[in-house]
Amino acid sequence: MKTFHQILLIIWALSSAALTFAQGDAVKPIDVPVKNIAADSKGREHDNVVVITGVRFAYPLIQKWIDDYNKINPDVQIIIESRGTNDPSKYDLLIEAYEPEETIKKNREFVYVARYAVVPVANGNSSFAKTYSDKGLNEGLIKQIFFHDMFADKENEVEIKAPFTVYTRLQKAGVPITFTKHFGFQQKDVKGKAIAGSDEHLLKAVLRDSTGLSYFPLSIAYDRTTGKPVQGLSVLPVDLNGNNKVNDEEKFYDQLASVLEHLEEKGSKNHNVPIEYLHLSVDKNNPNTKAVEFLCWVIQNGQKDLHAFGYLLPAAARFDTEKFEAFASQHIKQ
Amino acid sequence: MTKKLLFILSLIVWGNIALAQSVITGIVNDNNDQPVVGAFVVVKGGKTNAVTDIDGKFSIPAPAELPVTLNISFTGYKTQEVQVYELSDEALEVSLIEDGLLSEVVVTARRRTETAQQIPIPVSVVHGDLIESSGAFNVNRVKEIVPSVQLYSSNPRNTGINIRGIGSPFGLTNDGLDPGVGFYVDGVYYARPAAATLDFIDIDRIEVLRGPQGTLFGKNTTAGAFNITTRKASFDPGYDFEVSYGNYGFVQAKASITGPLGKKFAGRISFSGTQRDGVVENVSTGKYTNDINNLGYRAQLLYKPSEKISITLTGDDSRQRPDGYAQVVAGVVETERAPYRQFNAIITDLNYTLPSQNAFDRKIDHDTPWNSGNELGGVSLNVDAEIGPGTLTSTTAWRYWNWDPSNDRDFTGLQALAKSQNPAEHKNWSQEIRYAGTFSQKLSGVVGLFWINQDLKIHGTEESGRDQWRFSQSTTNTALWQTEGLFDGYGIRTESSIESSSTAIFANADWEITKGLHLQPGVRFNWDKKDVKYDRQTYGGLDTATYAGSKAEKIALQTLKNTVYTSQAYTSDADEDNITYLVTLSYQLKKNYNAYATYSTGFKPVGVNVAGLPTISGQPATDLAVIKPEDVQHVEFGIKTAPTKNSTLNVTFFNTDIKNYQTNVQSPELGVNRGYIANAEKVNVKGAELDANIRFNQHFSFFTSLAYTDGEYVKFTNAPLPLEETGHVNEDGQQQAFKDVSGERLPGISKFGASYGGEFTSGALKFLGQDSKFFIGLNGFYRSEFSSSPSPSKYLNIDGYSLLNAQLGFRSANGLSLFVWGRNVLDKDYYEQLLVAGGNAGHYAGVLGDPRTFGVTLRYSSN
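One line per chain: the protein sequences are A and B, in this order. 105 is the number that my numbering gives to position 105 of the first sequence; each next residue is one higher, with no gaps. 1794 is the number that my numbering gives to position 794 of the second sequence; each next residue is one higher, with no gaps.
Rendered as structure tokens:
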């Protein structure tokens, strides 16, 4: 028996080496600093473990909050389940990027913690980027470029000389839902090549294709260390005031801070940059109290990080801390 | 502890193995969230594929390395590309969007990529898959799919391609005339119409542009153009292998392989070979003739130094070695010559009977073998460079054609016209440089420069045999006609050549004046020069100088020989320049309704006679050595519509007037039995065409093309006599060689033509263990009665006929396909063309349409 296991061990070593070799040029792991520990129900038996899952583009921000929280609460182990799961029994905190359905609202207590904006982007080397970084995109052009529209008025379509290839997410996800809904479409209506993977994978695909074109939340489109668009990517200005033109004052996409400032200032008067809320939720009836505590901490302390990570502050009317804190008071052990 | 560790490690081993054998699962729905059954899921660049099941689900092994690209396709839907960057437990949900392919057929007719429904040009597009599945392997078959195309071919040399009845003169080819239908393969001009008889090799699509296209193409498009695109070398590996077997010993093999040859190089090699036994029995030799024996190769090397530059070097060679193109006596006409000069009287005197009175018995007894050695090939270098808002294209080509025939043009077992053959060598260089693109939101266009130099050398032989005396006998007052050996071996050898150069500058623009209203002007400057040398010398036959008879008899015998052949030599040259233009106004009436109107002029270069001149009073009629260029005036109105997203309906009306129409005149004079060229003062062709396609759903699709064409000689006062009027004497007792055919119809034009077809395609099935689809298709062709005589004849008319083709089998886009096909499944007997035998004795021969052919094709493809 021992020999058998030794043979297995050798096979394992060889197959691991072979797989490593085979994956030489393959996709590298996503550059998101998460503790990738599988969550299971046993983990949740420990009082000090909180499992978080949900939209992945928010993980860097969440991780920052976890790190800061752990500095003052080192005993609490907060884990991001990066592969995602639909089973509520396997997570405590759920991050979502689009308005929750009524059934979810009924079962979960949630708080809108931030807003994210979705902007059109192009591979920085593309002739499309060179042309439209200056010209910008109006609503008609965005619809023409991104969507299958059998009812579109082809007469009004603009001739686009620069070659482009639209990339989009395949799986149902917050960003594509927000983007498509804003323009009156569904995710399945987006043209182009579909990426089975995350927003980060979508970014890779666009950067690989010199004609690549897509849409990203600011947190993906901008490098938070430089505050500029990710190297090799151009963020395309859009018609914000709805006059069908892109005026000079609407071209402010060189710096993330500038984008956030303009979009927050523009508020609901913005026409062509979809903005949606990011919200966190816990089970309404049987919440993990450590998760509730963490969320309370986020409400109190998390807002200062939003701009740095590419998020807009939530509107005061939606940032209902009192409601959540009232809920929390019922569940947190004193 | 060690055991426990080993056990855990072993689990990890199997985890690893499981990962290595992971699968990608998914579900494919349409836009209404209904499952798409039978969609093909293919790993790009790999061998694995899958087909969606009844729930639209698929499962496909995941390669070890990610990302991997899946192409998901299904008839009637746009192909969806999915790049899988990570594996998930959840099935991928893929939505396929119904495609408007019917209205999005891509063409490059205007030298830039557009959709067929966009451009204000009547264009028919035949895709490679239709060509392949319908058993059409050369242009001669394509004419049954596009009814506006006529192709007459008594052999590869004597092939004329016409569109709407015009383009090439009806009858035998005269090398001194330019064809009016341009034949372009990947932008390279194919100067010889013989190319139309060669097997297609790796065809992606054929665009048939109807009407003058001189402001878009470099050469010879007064009637239209064939713009053929072949499959290109690709960096994605792929291959196709195909073999077909059929009746009459039909065997056809095709192969094509493409793939990368490095980071910046890709290649493609293609091969096609076709063999078939003869379908006409030669009862004298016991051999069957009119077989097929074709081989063709094509190789492409693509060099792509950057995203914006593509350089393609292409070489091709195609050769035919058939015992072929025999024509069968189809009828005998009583001419207006004396009774003793009628065909039946002649053959009675010679104790000869035809092997059959019915041409469709497909029997001949010809004593001269029929061979048609036909070889075409060349090398071309194409450079595409994206510069600014457009693409600069340079196409340099060198091409050759070698023609080596043997014909029996008396069409009998008699030794009358024992030899009649014109071996030829043709070489040409051509260079085209053009810049095409979209220069602003309102302006796009093309400007180009084309140059071609052609060198043609002909080594002709016409030779009489022992029976010629009776065919040539034109008097009964002397017995010298029967002099032993008078015409036996008597002939002419011809050395002739044409050197020609042609230069053209052309430009065509598309300017959007206001929303939906486009003005498309075009202009062309053309310069042509042709130099002809013609020298024919008699040889053989009875040596009258040494004949043992009186001087008067010697002179008389020589006179008789001169009535058959004389030596003739002349040189001629011509050059001509011309400016022609085009104006098109198009307007998008409403969504998917595009109307257009075009006025254009065209120009077909000056013609030079290179097949001999008729003699007048014993002297060559040198004023016929050069004939005038054609001037074309063309008006067209059309509308292209897409009434529904799954259908298109296009209608066009046209009127073409041609001054100095270049035509071939058939002469009873044996020295010019191939005819000589002349100008008809004016001809007119008008008509209407309708093209409709509809795809009802994933399974059923139909198409039809209807053509009404009415062509007439508006004025042609010196037309040749039809066969039955040979020997006509006017009221003054003067022999007539010409007649006025003004107001009469043009040859080769059916008033009505139609192509139609439909196909049923099933959902996914398992066939021979692989995912496939069953299909059954029918397509038909009809043309009404038409004249097969340059001057209208009572006899040389071809009845209308219908052909029905069918195919059914299993088809796989990526894997094995197996299908059976039948062409002319109702075994209709029909003539393609009728031709008068040399000397106008009264008999004429038919080019027989193929009988029913059927076979099976096995194809293996990998995309």
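By construction, the Cβ of each residue, glycine as well, lies at the ideal position given by its N, Cα and C atoms. Being a predicted model, the structure only gives us computed values, none of them experimental.
DSSP three-state call for Ser126 (chain A): helix, strand or coil?
Start at 1 with the first residue of the first sequence, and residue 126 (chain A) comes out as number 126. Note: Ser126 (chain A) maps to coil in three-state DSSP.
Does DSSP put Arg1192 (chain B) in a helix, a strand or coil?
Residue numbering aside, residue 1192 (chain B) sits at position 192 when the second sequence is read from its first letter. Coil at Arg1192 (chain B), not helix or strand.
Could you give the C-beta distance for Lys1219 (chain B) and Phe1450 (chain B), rounded to a whole number, given that I count them as a contact under 8 Å?
Your numbering for residue 1219 (chain B) matches position 219 in the second sequence. Your numbering for residue 1450 (chain B) matches position 450 in the second sequence. Contact holds; Cβ gap of about 6 Å.
Under 7 Å Cβ to Cβ from Glu1114 (chain B), same chain only, skipping five residues before and after it: list those, please.
Within the second sequence, the letter at position 114 stands for residue 1114 (chain B). If we look at Glu1114 (chain B) and ignore the five residues flanking it on each side, its Cβ neighbours are Val1107.
Under DSSP, the beta strand (DSSP E) around Ile1492 (chain B) begins and ends at which residues?
On the second sequence, residue 1492 (chain B) is found 492 positions in, with the first residue counted as 1. Ile1492 (chain B) -> beta strand (DSSP E) spans Gly1491 to Thr1514.
Beta-carbon proximity list for Glu1553 (chain B), same chain, < 8 Å, skipping 5 on both sides:
If you number the second sequence from 1, residue 1553 (chain B) lands on position 553. For Glu1553 (chain B), where only same-chain residues beyond five positions count, the Cβ hits under 8 Å are Leu1480 and Tyr1547.
Do the stretch 1645–1656 of chain B and the stretch 1676–1692 of chain B meet, that is, are 3 or more Cβ pairs less than 8 Å apart?
yes
Residues of the stretch 191–208 of chain A with a CB closer than 9 Å to any CB of chain B: list them in chain order, please.
Lys191, Gly192, Lys193, Ala194, Ile195, Ala196, Gly197, Ser198, Glu200, His201, Leu202, Lys204 and Ala205
Coarse secondary structure for Tyr1795 (chain B), derived from DSSP in three states:
One-based indexing of the second sequence puts residue 1795 (chain B) at position 795. If DSSP states are grouped into helix, strand and coil, Tyr1795 (chain B) belongs with coil.
By the DSSP assignment, the alpha helix (DSSP H) with Val259 (chain A) in it spans what residues?
For the purposes of this step, residue 259 (chain A) is taken as residue 259 along the first sequence, with counting starting at 1. It spans Leu256 to Lys266 - the alpha helix (DSSP H) in which Val259 (chain A) sits, taken as one unbroken run.
Three-state secondary structure assigned by DSSP to Ile142 (chain A)
As a working mapping, residue 142 (chain A) is identified with position 142 in the first sequence. If DSSP states are grouped into helix, strand and coil, Ile142 (chain A) belongs with the helices.
Interface flag, Gln1080 (chain B) vs chain A, CB-CB below 8 Å
In the second sequence, counting from the first residue as 1, residue 1080 (chain B) sits at position 80. For Gln1080 (chain B), the answer is yes, since a Cβ of chain A falls inside 8 Å of its Cβ.
Per-residue contacts from Gln1118 (chain B) into chain A (C-beta, under 8 Å):
Working through the second sequence from its first residue, we reach residue 1118 (chain B) at position 118. Here the premise fails: no neighbours, minimum Cβ distance about 10 Å.
When the distance is taken between beta carbons, is Val1383 (chain B) closer than 8 Å to Ala1326 (chain B)?
Counting from 1 along the second sequence, the entry for residue 1326 (chain B) is found at position 326. Counting from 1 along the second sequence, the entry for residue 1383 (chain B) is found at position 383. No, the pair does not count as a contact, with Cβ atoms beyond the cut-off.
Would you call the CB atoms of Val1037 (chain B) and Thr1025 (chain B) closer than 8 Å?
Mapped onto the second sequence, residue 1037 (chain B) falls at position 37. Mapped onto the second sequence, residue 1025 (chain B) falls at position 25. No, they are not a contact pair.
Which one of B:Pro1322, B:Gly1390, B:His1366 and B:Val1328 has the shortest CA to CA distance from Asn1374 (chain B)?
Locating residue 1374 (chain B) in the second sequence gives position 374, where the first residue counts as 1. Nearest option by C-alpha distance: B:Pro1322.
In angstroms with no decimal places, state the Cα-to-Cα distance between Ser1153 (chain B) and His1843 (chain B).
Counting from one through the second sequence, the residue named residue 1153 (chain B) turns up at place 153. Counting from one through the second sequence, the residue named residue 1843 (chain B) turns up at place 843. Spanning the two alpha carbons is a distance of roughly 19 Å.
Tell whether a beta-carbon distance below 8 Å holds between Phe1217 (chain B) and Gly1160 (chain B).
The residue labelled residue 1217 (chain B) in the question sits at position 217 within the second sequence. The residue labelled residue 1160 (chain B) in the question sits at position 160 within the second sequence. Going by C-beta atoms, Phe1217 (chain B) is not nearer than 8 Å to Gly1160 (chain B).
What does Ile1206 (chain B) pair with, by DSSP beta-bridge criteria?
The residue you call residue 1206 (chain B) lines up with position 206 of the second sequence. Partner(s): B:Val1126 and B:Ile1228.
Does the stretch 1800–1820 of chain B come close enough to the stretch 1852–1862 of chain B that 3 or more CB-CB pairs lie under 8 Å?
yes
Around the C-beta of Pro176 (chain A), are 16 or more other C-beta atoms found within 10 angstroms, so that it is buried, or is it exposed?
Along the first sequence, read from residue 1 onward, the residue named residue 176 (chain A) stands at position 176. Buried, since its Cβ has 16 or more Cβ neighbours within 10 Å.
I want to see whether chain D comes within less than 8 Å of Ser89 (chain A), judged by CB atoms only; does it?
Although the question refers to chain D, the structure presented lacks it and instead comprises the protein chains A and B.
In terms of alpha-carbon separation, which member of B:Asp1531, B:Tyr1490 and B:Val1583 lies closest to Ala1509 (chain B)?
Position 509 of the second sequence, counted from the start, is the residue given in the question as residue 1509 (chain B). For the residues B:Asp1531, B:Tyr1490 and B:Val1583, the minimum Cα distance to Ala1509 (chain B) belongs to B:Val1583.
Can the beta-carbon of Tyr311 (chain A) be found less than 8 Å from the beta-carbon of Leu280 (chain A)?
Here residue 311 (chain A) refers to the residue found at position 311 when the first sequence is read from its first residue. Here residue 280 (chain A) refers to the residue found at position 280 when the first sequence is read from its first residue. No, these two residues do not count as a Cβ contact at 8 Å.
Option nearest Phe252 (chain A) by Cα separation, candidates A:Asp283, A:Ile220, A:Val238 and A:Ala122
Position 252 of the first sequence holds residue 252 (chain A). Among A:Asp283, A:Ile220, A:Val238 and A:Ala122, the Cα nearest to that of Phe252 (chain A) is on A:Val238.
Would you say Thr1438 (chain B) lies against chain A (beta-carbon separation less than 8 Å)?
Position 438 of the second sequence, counting from 1, holds the residue named residue 1438 (chain B). Yes, Thr1438 (chain B) counts as interfacial toward chain A.
Other residues of its chain near Leu1006 (chain B): CB distance less than 8 Å, five sequence neighbours each side excluded:
For this step, residue 1006 (chain B) is matched to residue 6 along the second sequence. Since pLDDT at Leu1006 (chain B) reaches only 41, below the 50 mark, its modelled position is unreliable, and the value read off the structure follows with that caveat. Answer for Leu1006 (chain B): no residue qualifies.
In chain order, what residues of the same chain have a beta carbon less than 6 Å from the beta carbon of Phe1637 (chain B), not counting five sequence neighbours either side?
Start at 1 with the first residue of the second sequence, and residue 1637 (chain B) comes out as number 637. Excluding sequence neighbours, Phe1637 (chain B) sits near Ala1597 and Phe1653.
If contacts are defined as beta-carbon pairs under 8 Å, then Val111 (chain A) and Leu295 (chain A) qualify, I think. What distance do you get, rounded to the angstrom?
For the purposes of this step, residue 111 (chain A) is taken as residue 111 along the first sequence, with counting starting at 1. For the purposes of this step, residue 295 (chain A) is taken as residue 295 along the first sequence, with counting starting at 1. Yes, they are in contact, since the Cβ atoms of Val111 (chain A) and Leu295 (chain A) sit about 7 Å apart, within 8 Å.
Compare the C-beta of Val980 (chain B) against all C-beta atoms of chain A and say whether one is closer than 8 Å.
Outside the shown range of chain B (1001 to 1863) lies residue 980 (chain B), about which nothing can therefore be said.
What are the residues that DSSP puts in a beta bridge with Gly1273 (chain B)?
Counting from 1 along the second sequence, the entry for residue 1273 (chain B) is found at position 273. Beta-bridge pairing links Gly1273 (chain B) to B:Ala1253 and B:Leu1295.
Between the alpha carbons of Lys323 (chain A) and Tyr167 (chain A), how many angstroms are there, rounded?
Stepping through the first sequence from its first residue, residue 323 (chain A) is reached at position 323. Stepping through the first sequence from its first residue, residue 167 (chain A) is reached at position 167. When rounded, the distance between both Cα atoms is 40 Å.
At the level of alpha carbons, what is the spacing between Tyr91 (chain A) and Ile52 (chain A)?
Position 91 of the first sequence, counting from 1, holds the residue named residue 91 (chain A). Position 52 of the first sequence, counting from 1, holds the residue named residue 52 (chain A). The straight-line gap from Cα to Cα measures roughly 6 Å.
So who's on the other strand from Asn1650 (chain B), going by DSSP bridges?
Your numbering for residue 1650 (chain B) matches position 650 in the second sequence. B:Lys1640 and B:Asp1691.
Given that a residue counts as buried once 16 or more other Cβ atoms are within 10 Å of its Cβ, and exposed if not, what is Lys191 (chain A)?
Taking the first residue of the first sequence as position 1, residue 191 (chain A) is located at position 191. So Lys191 (chain A) counts as buried.
Partner residues on chain B for Ser210 (chain A), Cβ-Cβ distance less than 9 Å:
For the purposes of this step, residue 210 (chain A) is taken as residue 210 along the first sequence, with counting starting at 1. Those within 9 Å of Ser210 (chain A) in chain B are Glu1307.
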